[in-house]
Amino acid sequence: PLLKCYESEYHYLFKRLQEESKKADAPTLESYYALPNMARRLLEAFLAFRVPHHTGDLYKQLDEIDHDNAAKTRILRFLHAFSHLDRIGDPEHNPSMLAETPSVLRELFSLIEHSDSAHFKSMTDLAAST
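In this text, residue positions in the sequence shown follow this note's numbering: the first is 72, and each later residue adds one.
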């Protein structure tokens, strides 16, 4: 069903993360652990089309997106802290920050919507139909 319901990984990630962004709290922090990696993949795919000349450099890509700088910094720090870990106990890794997952996801979707409202609406409509 996963392959039949979604045209691409991007479509799946968009729907899944949008659902997660609407949740107030998860039952445990453990349920958030995969979401930063998924969010990074979604953002990388979105930015690959919006800012193709800096593909592979999230900082430079985000710098070229017209959006609130504090929100962009928060998204980037969150993704760097939780999507490139070799082990859970890295010094910069504060597991309590995972509780911010839904709000960071909402900021990510706000960035996508602000950057390309037609795309955001189209993806939101598509996600609602799957």
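Glycine residues also receive a C-beta, built at the ideal position from the N, C-alpha and C atoms. Since the structure is predicted, the reported quantities are computational estimates derived from the model, not experimental observations.
Rounded distance between the beta-carbons of residue j and residue i, thought under 8 angstroms
i: A119; j: E178; result: Wrong, their Cβ atoms sit about 20 angstroms apart, outside the cutoff.
i: T172; j: L106; result: 5 angstroms
i: V175; j: F149; result: 5 angstroms
i: K131; j: H125; result: 4 angstroms
i: L182; j: I146; result: 7 angstroms
Sequence-distant residues of its chain with Cβ nearer than 7 angstroms to residue i (five each side left out)
i: E184; result: F191
i: A110; result: L88, L150, L176, L179
i: N108; result: S154
i: R158; result: Residue placement at R158 is poorly supported in this model, since its pLDDT is 44, which falls under 50; the coordinates still yield a value, given next. The answer is none, since no qualifying residue turns up.
C-beta atoms of residue i and residue j nearer than 9 angstroms
i: F180; j: S79; result: no
i: A198; j: K86; result: yes
Neighbourhood of residue i by C-beta distance below 6 angstroms, restricted to the same chain and skipping five residues each side
i: Y81; result: A116
i: I136; result: S186
i: Y77; result: Y83
i: D96; result: none
i: K94; result: P173
Beta-carbon proximity list for residue i, same chain, < 8 angstroms, skipping 5 on both sides
i: K75; result: none
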